[in-house]
Amino acid sequence: MATEIQDFDAQYWVKTRSSLDSNQSTFLIWSGAIYALVPGEKRNRLFKMVGVSVSRCIPTEEGSWDFTSRELTYYLHPETGEILRQWENPWTGELLTVMHVANNPVQGHFKGKFPARTHGDSTTFVFDIFMAYPNPLATEPKFADYSPNPTYQAAELFKLTVPTEDLLNPEILSVSKLQLYWDRIGPWVPWMKMGDRPGQLIYSAYGGKVNGFDELPQLLKDEINTRVPLYKNAPPSYLDTEDSTSWLYFQKYFDAYLAGEMFPLPQSEEV
């Protein structure tokens, strides 16, 4: 069966990634493993992981949407799957505070055409994103042991597969039957305190949409209910602020990291 490449209007990508209903917060979850890729060393699975993105799409004009979201990803024990609050660096022996991913917001703008591969009854949107920009930590001497490289460079590889019938159905505002595959190649995260040691992190994850907060994995529900209720909903509107990253979060909360506080830091629900 041949694969056909088609260009879809932005609305089809919106209902895949999030929802055409701007009143709806859409939950996309993932789980998987994080590996260390070090020259000359064998495979080393450092962590399991679980995460969620809660998003909203807001129409701005005909055929155009603002995308706004919040993201959590937790670093878990590689065997038990328990949340790690501290981590012993196997290369240095140092016991470190684990700074879980808490990006608020992550935003974008959707318009134009989005190519996808239609094969049989399914359609797959493929996004291979390569990033390279100045490392915001590199210019401050206090971060030399954490992230000294002048350039942040990474690749994120996404595949989102949905039933073609649901994608094309005008009565469906959010395609709930979705398979997500996500791989990432990136530098050591700052809280690992790897300095300029050679090596990278490989993230390998899969997931999909869930129908509301109550269908999240129990770990995420417990964390959001007790520590970060802000992540129960997407921002109500596009936020006029810089996108959050693990590097900027580390920069902002470095003192809390050094003090051994529990991450993500508490964030109350918006009123």
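Counted from 1, the sequence shown has number 831 at position 126 by the working numbering; the numbering is strictly sequential. Glycine included, C-beta positions come from ideal geometry on N, C-alpha and C. Quick caveat: nothing in here was measured; it's all calculated off a predicted structure.
By the C-beta density criterion, MET899 is buried, having at least 16 other C-beta atoms within 10 angstroms.
When the five nearest sequence neighbours on each side are left out, the beta carbons in the same chain lying within less than 8 Å of the beta carbon of PRO934 are those of GLN972, SER973 and GLU974, in order along the chain. ALA860 carries a strand assignment under DSSP once its states are collapsed to helix, strand and coil.
If the five residues before and after SER951 are omitted, its C-beta is found closer than 6 Å to the C-beta atoms of VAL806 and VAL894, all from its own chain and listed in chain order.
The beta carbons of TRP735 and GLY912 sit about 3 Å from each other, so the pair counts as a contact at 8 Å.
The closest CA to that of ILE834, considering only GLY813, ARG889 and PRO868, is found on ARG889. No residue range can be given for ALA939, since it is assigned to no beta strand (DSSP E) and is classified by DSSP as neither H nor E. As DSSP reads the structure, THR778 sits in a beta bridge with GLY756 and VAL806. Within the same chain, ASN749, LEU751, GLY904 and LEU906 come within 7 Å of ALA741 by CB-CB distance, once the 5 residues on both sides are set aside. DSSP, reduced to helix, strand and coil, places TYR962 within a helical segment of the structure shown.
Counting other Cβ atoms within 10 Å of its Cβ, ASP901 stays below 16 and is therefore classed as exposed. Among the bridge pairs identified by DSSP, ILE710 is matched with ARG822. The beta-carbon distance between SER723 and ARG775, rounded to whole angstroms, is 12 Å. This is too long to meet the 8 Å contact definition. For GLN729, the secondary structure class from DSSP, reduced to helix, strand or coil, is coil. Look at the beta carbons and you see the region 820-834 not touching the region 789-798: under three pairs across the two are nearer than 8 Å. For THR866, the secondary structure class from DSSP, reduced to helix, strand or coil, is strand. The shortest CA-to-CA distance from ILE710 to any of PHE848, TYR886, TYR838 and THR829 is the one to THR829.
For LEU862, the CB contacts under 6 Å within the same chain, skipping 5 residues up- and downstream, are ASP833 and ASP888 in chain order. Contact check between the region 914-930 and the region 873-887: three or more CB pairs, one atom from each, fall below 8 Å, which counts as touching. Note: ARG889 is bridge-paired with GLU861 and TYR908 in the DSSP secondary-structure output. One thing to note: VAL757 has its Cβ no nearer than 8 Å to the Cβ of LEU970. Judged by their CB atoms, GLU767 and ASP826 are not nearer to each other than the 8 Å cut-off.
Rounded to whole angstroms, GLN923 and GLY737 show a C-alpha spacing of 16 Å.
Counting along the chain, no alpha helix (DSSP H) covers SER827; the unbroken beta strand (DSSP E) around it starts and ends at 827-839. In this structure, TYR943 lies away from ILE739, with their beta-carbon atoms at least 8 Å apart. Close CB contacts of SER727 within its chain, under the 7 Å cut and outside five residues either way in sequence, are with ARG761, CYS762, ILE763 and PRO764 (chain order). Closest in C-alpha terms to GLU920, from the list LYS937, GLY817, LYS720 and VAL867, comes LYS937.
In this structure, TYR780 lies away from VAL743, with their beta-carbon atoms at least 8 Å apart. Taking every protein chain shown into account, the CB of ASN874 has fewer than 16 other CB atoms within 10 angstroms, so this residue is exposed.
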